[in-house]
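Enquirer:
Residue numbers (our numbering), protein chains in the order written: chain L, 128 to 717; chain H, 271 to 487.
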């Protein structure tokens, strides 16, 4: 028992440990997973933000381009309607082209940049403009004062080489003093004859590339043009290393793409998109380059922060899981202890039952042995007494005495018989051989017997038994029951008393009622009268050994029936006996 | 614009120009210029005399100006020629003149016009004026060549003044037939101006007597 408890205690401790370890594992795994996910998330969000900023920037550039295109297209349309422009272009008066357009385009190249605050005005704030003739060649102005200064070499870059019928966007790099060079965004717009609907010339305007506001303004980006990258925000050596990679990417992937690039221990995200797809001008690309150094630093910081937080969480989780495992394991522990106790109880009960069973078996065996051991001497005794009685030399008083003794041996034998029967019942060895039994002839025979007995009380016997009343059972035992009951009814009667026997079929039962006049059974005794060796408060003069009713009841129960006291008062005592009915035509049932 | 209008004006100009020479030169040439098929002019320009197509200006309906090239001593007429603006159009839309001729541009419409030319042969800008402008604005055309006239206000308006070195010119009919009279005898080149890019030419030997027949091409 104590070994089992120890075992249980060890089991509980291991259970608690396992619970604790499992919880710690879960918390650690969750923290690690969160760290990994968040790092990945940071990385992904850096890339996503970069791409989004780049797309925003492209969209903003596109918007500016669109606005410029729209404004310039409108200007071009207005110009094309000017008879003087036509005259200048068609009448070999190109020298008059710029003067003729001067008024129309006066606001385009105004020197006062501060004068333009509106987006539309900004969009049209050109550095210069030039006309292209019907062959797409630049028409040189007589005086560049009104149309923006431009070196001849740079001006020649504006040529489209043919008459264009769609707006063209281009980028040119030109030398500009000490600053090295600047990049212009140029837009060429056809001038379409309002009469024939066909292009007759073109106007090209050169703009400063848009300076963007908003979030995407902070994006480090530049322009890739003619194999050179114009991007001052990254280190020169990185740019020098990037240029050939970019050239290859642009050649291979067409008008847009993205890649990661490593230089001098730093990673860069690079995205590029052609700014002027399908243009007659040289392809130019918007290129955004994001150094991942900052992002890596952020990731490292996050990792540290996470490690700290995870450690805290783990410590907290350790405490929590400790408490939790304790609380969780408590009822399990209690359950385990309870079950141990239960098992002990069960073992004890089992042992007690075993004992009882052995006692019972012993007692039953003893009862049977005793009966057998007793029967032989009684028989010997009776034989001796009868021999004595047969003798001639016995005095009459003595003869009577001996005769009485012989009678006592019969009683003794009867008791022994009953005890033997009871012991067999107790031992469970009494098997009823069920068959169909008619009660009517049994009663007839019993009443004959009763009539033959000496009637000390002058009793009146009434019997109300149907001519045929079939039950299932064994005839001998049924007779024994009825004998016992009738015996009792006769014994516990008074002078001029009555005995009444009734039997009738009630459903599946056959009920036999045997009643008699006589003293009432005291109420306190009523519940004990079926107990073995109980004789109630009857006088000692009444013969009996206190096992008759007990035996009758045991036998009735073995028959599947019952025996009970249905009434007992000063006038009448009645027993009710039940058997299973076999029915007039029915068969015997087990 | 009717061909008769051209012919009458041309005949008048020829008469004025050649009266002194007529006494000694009586040659005559007639023939037919194969005119380009009339382009289907845009509806907007249906009634206009000069249409522009792919940078080429041509009369509509097609007519040719036939003239005899050569060094002629000719005096410009005292009376100026006229090119009016009528119904938002030039009238006539094509006008051959002898070098040194003054042309008046009366505005016969109720609206302003602003006649100008960027042509190398004559650049001018008359500015905006109405029909009551007096004197009638005019320009002297003293350099030979083709002058394209436009209106700065009405961009569709076009006219051509052919300033010629010769007094011998005529506007063909819309069928291309022409007849030049009172020409001097001798070897000359006969030219037919068809549009701003096309001038056909044919050497001719002119003699007095029956009319020489010359077709273009």
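Just so it is clear, CB atoms sit at the ideal spot from N, CA and C, and this is done for glycine as well.
#1: My parser needs the alpha helix (DSSP H) runs of 4 or more residues fully inside the stretch 248-330 of chain L; what are they?
#2: Name the DSSP bridge partner or partners of residue 353/L?
#3: Find the residues of chain L that neighbour residue 409/H, judging by a C-beta separation of less than 7 Å, and give them in chain order.
#4: On the three-pair Cβ rule with 8 Å, is the stretch 455-467 of chain H touching the stretch 330-348 of chain H?
#5: Where does residue 359/L land, buried or exposed, given buried means 16+ other C-beta within 10 angstroms?
#6: Which residue comes first and which comes last in the beta strand (DSSP E) that contains residue 537/L?
#7: Using 10 angstroms around the beta-carbon of residue 381/H, count the other beta-carbons present and answer buried if the total reaches 16, otherwise exposed.
#8: With a threshold of 16 other CB atoms inside 10 Å of the CB of residue 283/L, please say whether the residue is buried or exposed.
#9: With a cut-off of 8 Å, do at least 3 Cβ pairs link the stretch 265-278 of chain L to the stretch 218-238 of chain L?
#10: For the stretch 373-444 of chain L, list the beta strand (DSSP E) runs that are entirely contained and at least 3 residues long, ordered along the chain.
#11: Would residue 165/L and residue 334/L qualify as a contact pair, given that the criterion is a beta-carbon distance under 8 Å?
#12: Spatial neighbours of residue 384/L within its chain, please: CB distance less than 7 Å, with the 5 preceding and 5 following residues excluded, ordered by chain position.
#13: For residue 608/L versus residue 709/L, is the C-beta distance shorter than 8 Å?
#14: According to DSSP, simplified to helix, strand and coil, what is residue 291/H?
#15: With 8 Å set as the bound, which would you pick, yes or no: does the beta-carbon of residue 328/H sit closer than that to a beta-carbon of chain L?
#16: Following the continuous alpha helix (DSSP H) through residue 577/L, name the residue where it begins and the one where it ends.
#17: Identify whether residue 603/L lies in helix, strand or coil by the three-state DSSP scheme.
#18: I'd like to know whether the C-beta atoms of residue 310/L and residue 196/L end up nearer to each other than 8 Å.
#19: So, are the CB atoms of residue 111/L and residue 648/L less than 8 Å apart?
#20: Is the distance from the Cβ of residue 173/L to the Cβ of residue 422/L below 8 Å?
#21: Any idea what DSSP makes of residue 724/L, helix, strand or coil?
#22: Counting only Cβ-Cβ distances shorter than 8 Å, please list the residues of the stretch 185-212 of chain L near chain H, keeping chain order.
#23: With DSSP as the reference, label residue 74/L as helix, strand or coil.
#24: Say whether chain L places a C-beta atom closer than 8 Å to the C-beta of residue 293/H.
#25: Using 8 Å as the cut-off, can you tell me whether the stretch 382-401 of chain H makes contact with the stretch 299-310 of chain H, which would need three or more C-beta pairs spanning the two stretches below that distance?
#26: Examine chain L for any beta-carbon lying closer than 8 Å to the beta-carbon of residue 468/H, and answer yes or no.
#27: Could you check the C-alpha separation between residue 183/L and residue 207/L for me, to the nearest Å?
#28: Considering Cα atoms alone, identify which of 439/L, 505/L, 365/L, 521/L is closest to residue 541/L.
#29: Please classify residue 680/L: is it buried, with 16 or more other beta-carbons within 10 angstroms of its beta-carbon, or exposed?
#30: Apart from the five residues on each side of it in sequence, which residues of its chain come closer than 6 Å, Cβ to Cβ, to residue 641/L?
#31: For residue 209/L and residue 322/H, what's the separation of their Cα atoms in angstroms?
#32: Just reading off the beta strand (DSSP E) that residue 627/L is part of, what are its end residues?
#33: List the residues of chain H that residue 376/L touches, going by C-beta distances under 9 Å, in chain order.
#34: Does residue 240/L get closer than 8 Å to chain H when you measure Cβ to Cβ?
#35: Going by C-alpha distance, which of 328/H, 300/H, 342/H, 385/H is nearest residue 468/H?
#36: Shorter than 8 Å from the beta carbon of residue 398/H to some beta carbon of chain L?
Expert: Quick answer:
#1: 279-283
#2: Residue 353/L is not bridged to any residue.
#3: In chain order: nothing, as chain L lies at least about 15 Å away.
#4: yes
#5: exposed
#6: That residue, residue 537/L, is in no beta strand (DSSP E); its alpha helix (DSSP H) goes 523-553.
#7: exposed
#8: exposed
#9: yes
#10: 383-390, 393-401, 411-418
#11: no
#12: 376, 399
#13: no
#14: Unreliable positioning characterises residue 291/H in this predicted model, as indicated by a pLDDT of 45, which lies under 50. The coordinate reading is nonetheless provided below. Residue 291/H: helix per DSSP, three-state reduction.
#15: no
#16: 566-579
#17: helix
#18: no
#19: Beyond the ends of chain L as shown, which are 128 and 717, falls residue 111/L; an answer cannot be given.
#20: yes
#21: No statement about residue 724/L is possible, as the shown extent of chain L runs from 128 to 717 and does not include it.
#22: 208, 209, 210, 211
#23: The structure shown does not extend to residue 74/L, since chain L is modelled only from 128 through 717, so no value can be given for it.
#24: In this prediction, residue 293/H scores a pLDDT of 43, lower than 50, which makes its location untrustworthy; the coordinate-derived value is nonetheless stated afterwards. No - not a single Cβ of chain L is within 8 Å of the one on residue 293/H.
#25: no
#26: no
#27: 35 Å
#28: 505/L
#29: buried
#30: 612, 616, 628, 702
#31: 15 Å
#32: 625-633
#33: What residue 376/L touches in chain H: nothing, since even the nearest Cβ is about 44 Å away.
#34: Confidence is the limiting factor: at residue 240/L the pLDDT is only 49, short of 50, which leaves the residue's position unreliable, though a coordinate-based value still follows. Chain H contact via Cβ: absent.
#35: 328/H
#36: no
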